[in-house]
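For the sequence shown, position 104 (counting from the first letter as 1) is numbered 104 according to full-length UniProt numbering, and the numbering increases by one without interruption. Even glycine gets a Cβ: it sits at the ideal position worked out from N, Cα and C.
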Amino acid sequence: MKAIYKREVKAYLTSMIGYVFIALNLLLVGIYFTYYNLRYGYPYMDYTLSGVSFIFLITTPILTMKVMAEERKQKTDQLLLTSPVRPVEIVLGKYLALVTIFLIPMAVIGLYPLILSSFGTVPLSAAYTALLGYFLLGCAYLALGLFLSSVTESPVLSAVLTFGACFLCYMAGSLESFFSGSSFATFIAFLVIALLVCLLVYSLTKSAAVSGGVLALAAAALCLCYFVKPSLLSGGIQKLMGIFDFGEAFNSFLNGILDLRSVLYYLSAIGLFCFFTVQSIEKRRWGYHHGSYSIGWMAAVVGIVLVVNLTAAELPSRFTSHDMTANQYYTLSDQTKELLDGLSGDVTIYQLTEDGSSDGMVENLLDQYAGHSGHVKVVKKDLVQFPTFASNYTDDTLQAGSLIVESADRYKVISSADLYEYSYDSYYQMYQSGFDGEGQITSAVAYVTSEDIPVIYVLEGHREEGLSTELTGQIEKENLELESLNLVSLEAVPEDAAALLICSPQTDFSEEETEMILNYLKAGGRAFITSTYAGESLPNFNSILEYYGISAMDGVVAEGDSSYYHPQSRLYLLPELEADELTSSLLADNRLVFMPVCQAIEHLEEVRDTVKITSLLTSSASSYFKADARNMTTVEKEADDKEGPFDLAVKITEQAEDAEQETQILYFASGYLLDEQMNQTVSGGNYELVMNGISSLAGHENTVAIAVKSMEVEYLTITAAGVNTFSIAVTAILPGLLLVTGGIIWYRRRKR
């Protein structure tokens with residue numbers, strides 16, 4: 001084997017074939033590397049390697065077309081067949097020589113992440129995981145080319161066959177959508193495949209009885225399945241195409257996952273094609289009488305490989321998949337693991353797909369859920385095969401990529417758009433800036449397995465400010481149910497109200513509504529209240545606040561200290577956060593809260609001893625109060641302006657004697673706290689405080705607070721000189737030197 005290996009390596013390095021193969025690999029990878037990584041400063045290798053993976057359709061036939069076929073054409077294979085070297089050693093020697101030639105461009109490409117790291121932060125673990133997948137993909141294609149070169153003595157025919165087979169493996173995932181998933185279509189397709197297998201068996205054995213028997217057995221098995229249980233054949237074509245889809249396993253590596261199942265898949269493909277090559281040599285060595293034995297042996301090996309891979313696919317993903325991404329997109333948090341470990345009932349997660357395609361990030365994450373807990377089952381539902389499935393759960397039209405999480409008690413629908421966070425770039429183009437897969441899925445699992453879902457009632461009927469889509473999504477993500485509430489047609493606040501949201505009413509409550517709200521609060525109710533200065537009197541609304549010892553002063557607070565207001569205006573406050581359980585998370589991360597056009601909160605002298613008022617947000621000592629703000633002529637401090645500091649948000653508690661629980665009120669003197677744009681100004685600080693408050697009021701025990709994992713790319717800053725230098729090196733100098741070297745060696749050999 002060693003002698004064959006050395007001979008093959010020498011043959012490639014003393015002819016143009018090896019140099020053309022290496023140069024083409026470096027040239028095409030260099031072009032993509034220049035475009036994505038050098039010119040745009042993209043720090044990852046996935047775009048480059050994914051885009052250039054088609055190269056194996058070109059380079060594999062070039063390198064492998066003569067490796068076995070030329071031996072047969074020149075009749076030199078007879079020397080090998082009559083030598084004491086075993087066929088398996090012949091195959092291994094030739095295959096390892098192919099891999100060695102492939103390792104030369106891989107060694108150069110392996111330096112690219114290190115080059116990028118000199119210009120900024122590069123996630124090297126993810127980069128080299130992608131490179132490992134690219135290497136295994138190439139090795140699988142080379143093994144396929146080796147086998148096809150062994151079945152013919154024409155290098156040209158070998159190249160054509162190799163290109164066709166590589167094209168099939170490259171396009172298998174896309175071709176799935178061209179075939180129907182019906183049982184009948186699968187039945188017909190498998191009959192055609194059985195006929196092709198029959199012809200292959202006949203070519204190996206020259207026995208009509210053996211080949212006919214194989215066809216008869218296959219046809220009988222297919223007929224039995226189709227007429228007895230046709231569901232077994234449903235989607236069979238897609239599953240078969242999936243076996244030949246080299247790209248699906250490659251995607252795991254591109255996504256930053258070191259998946260041992262994908263490694264096993266490629267090693268199995270390499271092993272099978274090398275084994276088939278050995279059998280092809282054995283057939284020529286011993287003649288057709290060896291064919292029947294070879295067919296049985298090949299069938300047994302294929303069966304063993306399938307069983308091994310299917311068994312590996314059933315292993316928990318926590319043993320087979322390793323997250324190599326910088327932000328740990330596919331690693332479950334301790335909070336999720338704790339929830340999954342505590343499951344007592346089964347949860348099914350339906351992943352909606354279309355034509356067999358699915359979101360790789362979500363699919364890999366779902367594998368972690370199913371792998372961690374035996375109570376979680378992931379089921380794919382193709383919207384083409386099951387067009388009405390989603391309508392059983394929602395009236396909305398769900399897109400592929402959406403999820404439905406279901407338990408025995410309830411279900412929750414997660415739109416594909418909710419799994420990601422979106423932002424806009426400088427060209428106002430929307431892009432995915434965060435991955436919220438774990439947050440949404442864990443929240444849904446908690447929701448469907450919770451015994452009690454708190455209901456938050458949002459008061460309406462007084463021109464209240466509506467909740468933004470983002471805030472509504474965050475509340476629902478916390479597994480809190482939102483319901484609208486209009487008290488006009490009711491006699492009391494519903495008994496199941498975990499809390500009441502009163503969002504800056506613009507018109508006053510009626511006396512009956514005021515009484516209902518007070519009765520609810522006196523009985524241990526909870527309320528989250530905001531108000532917006534409008535210069536209009538709301539006596540009934542204010543009476544609720546006054547009952548608990550506070551009132552909103554008629555005017556707005558202006559800041560004199562530049563550290564506590566936004567540059568746009570002194571009225572755009574960035575208040576001081578007081579120490580409290582509701583503000584602790586923001587204080588720990590030095591987060592800000594944005595409160596534009598904020599009223600001041602006045603503490604009344606006459607208040608019950610049982611009422612406790614705690615400051616949450618305050619203005620600075622340099623602040624001042626602008627009374628009658630609608631008619632003010634300047635935001636600068638004037639002589640008659642009242643000086644601060646002022647309370648801008650408070651927490652009120654009272655334990656009533658006849659109430660089962662403590663009354664709690666959170667009051668914020670600016671309704672802009674809930675505005676989505678204001679929240680974005682402080683990078684989510686407003687909504688973090690709001691969610692802390694609402695969750696606390698609802699007494700929510702199953703709070704799920706898994707942060708969105710950033711997908712923002714920290715692009716590299718590469719100088720024009722650096723781009724030009726490296727791009728010329730990888731796209732011109734290296735490939736050019738290789739071609740020139742190969743040409744010189746070839747020319748000298750021709751002259752001898």
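*asked:* What ranges does the beta strand (DSSP E) occupy inside the stretch 634 to 700, keeping only unbroken runs of at least 3 residues that lie completely in it?
replied: 647 to 654, 663 to 668
Put Ser484 into one of helix, strand or coil per three-state DSSP. Within the sequence shown, numbered from 1, the residue matching residue 484 stands at position 484. Residue state, collapsed to three classes: strand.
query: What is the DSSP secondary structure of His375, counted as helix, strand or coil?
result: By one-based count along the sequence shown, residue 375 stands at place 375. Coil at His375, not helix or strand.
**Separation of Pro43 from Gln279, as counted between CA atoms** = Position 279 of the sequence shown, counted from the start, is the residue given in the question as residue 279. Position 43 of the sequence shown, counted from the start, is the residue given in the question as residue 43. Their backbone Cα atoms lie some 45 angstroms apart in a straight line.
Check your understanding: Taking C-beta to C-beta, are Ser531 and Ala627 nearer than 8 angstroms?
Key -> Translated into positions along the sequence shown, residue 531 becomes position 531. Translated into positions along the sequence shown, residue 627 becomes position 627. It is not a contact, given that the beta carbons lie outside the stated cut-off.
- request: Starting from the N-terminal side, write out each stretch of the alpha helix (DSSP H) that is 4 residues or longer and does not extend beyond the stretch 450 to 534.
  value: 469 to 477, 511 to 522
Legend entry - 4-residue-minimum alpha helix (DSSP H) runs that sit fully inside the stretch 549 to 610, ordered along the chain: 584 to 588
> I think Gly371 touches Ser317, with their Cβ atoms under 8 angstroms apart; what is that distance to the nearest whole Å?
Replying inline: Counting from 1 along the sequence shown, the entry for residue 371 is found at position 371. Counting from 1 along the sequence shown, the entry for residue 317 is found at position 317. The Cβ separation is near 3 angstroms, so the contact holds.
Problem - Tyr288 to Val214 span [Cα, whole Å] - result: Walking along the sequence shown from the start, residue 288 turns up at place 288. Walking along the sequence shown from the start, residue 214 turns up at place 214. Unreliable placement is indicated for Tyr288, whose pLDDT of 48 sits below 50; the coordinate value is still reported in the next sentence. Taking the straight line joining both Cα atoms gives about 17 angstroms.
Looking only at C-alpha atoms, which of Ala219, Trp297, Gly212 sits nearest to Leu272?
Position 272 of the sequence shown, counting from 1, holds the residue named residue 272. The option with the nearest alpha carbon to Leu272 is Trp297.
- Item | Three-state class that DSSP yields for Thr348 in the structure shown | Here residue 348 corresponds to residue number 348 of the sequence shown, with the count starting at 1. Of the three classes helix, strand and coil, the one that applies to Thr348 here is strand, per DSSP.
Whole angstroms are fine: how far does the CA of Met65 sit from the CA of Thr152?
Reading the sequence shown from its first residue, position 152 is the one you call residue 152. Reading the sequence shown from its first residue, position 65 is the one you call residue 65. So the alpha carbons of these two residues sit roughly 10 angstroms apart.
Determine whether the beta carbon atoms of Asp323 and Thr331 lie at a separation below 8 angstroms. The residue you call residue 323 lines up with position 323 of the sequence shown. The residue you call residue 331 lines up with position 331 of the sequence shown. It is a contact, given that the beta carbons lie within the stated cut-off.
*What number of angstroms, rounded off, separates the C-alpha of Arg749 from the C-alpha of Leu739?*
The residue you call residue 749 lines up with position 749 of the sequence shown. The residue you call residue 739 lines up with position 739 of the sequence shown. Each residue's Cα considered, the two are about 15 angstroms apart.
Original post:
If you check the beta carbons only, do Leu501 and Val458 fall under 8 angstroms apart?
Top reply: Numbered from its first residue, the sequence shown carries residue 501 at position 501. Numbered from its first residue, the sequence shown carries residue 458 at position 458. Yes, they are a contact pair.
Closest residue to Asn364 among Leu254, Glu470, Gly434 (Cα-Cα distance) | What you label residue 364 is simply residue 364 of the sequence shown in a count that begins at 1. The shortest Cα separation from Asn364 among Leu254, Glu470, Gly434 belongs to Leu254.
* Of all the options Val611, Ser344, Leu617, Ser268, which has the alpha carbon lying nearest to the alpha carbon of Met591? -> Your numbering for residue 591 matches position 591 in the sequence shown. Sequence inspection shows Arg at residue 591; the Met mentioned does not correspond to that position. For the residues Val611, Ser344, Leu617, Ser268, the minimum Cα distance to Arg591 belongs to Leu617.
Have a look at Asp359 and Gly401 and give me their C-alpha separation to the nearest angstrom.
-> The residue given as residue 359 occupies position 359 in the sequence shown. The residue given as residue 401 occupies position 401 in the sequence shown. Their Cα atoms are separated by approximately 6 angstroms.
With three or more C-beta pairs closer than 8 angstroms as the rule, is the stretch 638 to 658 touching the stretch 611 to 625? yes
What number of angstroms, rounded off, separates the C-alpha of Leu38 from the C-alpha of Tyr715?
By one-based count along the sequence shown, residue 38 stands at place 38. By one-based count along the sequence shown, residue 715 stands at place 715. Taking the straight line joining both Cα atoms gives about 10 angstroms.
- Message: Taking the alpha-carbon of Val122 as reference, which of Met45, Ala159, Leu96 has the nearest alpha-carbon?
- Response: Position 122 of the sequence shown holds residue 122. If we check each option's Cα against that of Val122, Met45 comes out closest.
*Roughly how many angstroms lie between the CA atoms of Tyr393 and Tyr411, to the nearest whole one?*
Taking the first residue of the sequence shown as position 1, residue 393 is located at position 393. Taking the first residue of the sequence shown as position 1, residue 411 is located at position 411. Distance between the alpha carbons of Tyr393 and Tyr411 is about 8 angstroms.
### Query
Can you list the beta strand (DSSP E) stretches of 3 or more residues lying completely in the stretch 246 to 324, in chain order?
257 to 259, 321 to 323
How big is the Cα-Cα spacing for Thr14 and Leu27? By 1-based counting over the sequence shown, the position of residue 14 is 14. By 1-based counting over the sequence shown, the position of residue 27 is 27. Distance between the alpha carbons of Thr14 and Leu27 is about 20 angstroms.
Just to confirm the assignment, what range does the alpha helix (DSSP H) spanning Glu421 have? Sequence index remark: in the sequence shown, residue 421 carries index 421 (1-based). No alpha helix (DSSP H) contains Glu421, which is instead part of the beta strand (DSSP E) from 420 to 424.
- Item | Limits of the unbroken beta strand (DSSP E) element including Val85 | Taking the first residue of the sequence shown as 1, we reach residue 85 at position 85. Unbroken run through Val85: none, as it is neither H nor E.
### Message
Within a Cβ cutoff of 7 angstroms, which residues of the same chain sit near Ser551, ignoring the five residues on either side of it in sequence?
### Response
For the purposes of this step, residue 551 is taken as residue 551 along the sequence shown, with counting starting at 1. Only Asn542, Leu545, Glu602, Leu604 meet the Cβ criterion.
Spatial neighbours of Leu339 within its chain, please: C-beta separation below 7 angstroms, excluding the five flanking residues on both sides.
Within the sequence shown, numbered from 1, the residue matching residue 339 stands at position 339. Result list for Leu339: Thr442, Val445, Ala446, in chain order.
Quiz prompt | Cut-off 8 angstroms between Cβ atoms - residues of its own chain near Ser484, not counting five sequence neighbours on either side | solution = What you label residue 484 is simply residue 484 of the sequence shown in a count that begins at 1. If we look at Ser484 and ignore the five residues flanking it on each side, its Cβ neighbours are Tyr457, Val458, Glu460.
| said: Using the three-state DSSP reduction, which class does Tyr47 fall into: helix, strand or coil? | reply: Within the sequence shown, residue 47 is the residue found at index 47, counting from 1. Correct three-state label for Tyr47: helix.
Item to check | Exposure of Arg72, with buried meaning 16 or more beta-carbon neighbours within 10 Å | outcome: Taking the first residue of the sequence shown as 1, we reach residue 72 at position 72. Answer is buried; the Cβ neighbour count reaches 16.
> Touch check for the stretch 183 to 190 and the stretch 260 to 275: three-plus C-beta pairs under 8 angstroms?
Replying inline: no
Looking at C-beta atoms only, is the number of pairs between the stretch 117 to 134 and the stretch 88 to 97 that lie closer than 8 angstroms three or more? no
Where Lys637 and Ser620 are concerned, what is the direct C-alpha to C-alpha distance, given to the nearest angstrom?
As a position in the sequence shown, residue 637 is number 637, starting the count at 1. As a position in the sequence shown, residue 620 is number 620, starting the count at 1. Taking the straight line from one Cα to the other gives about 14 angstroms.
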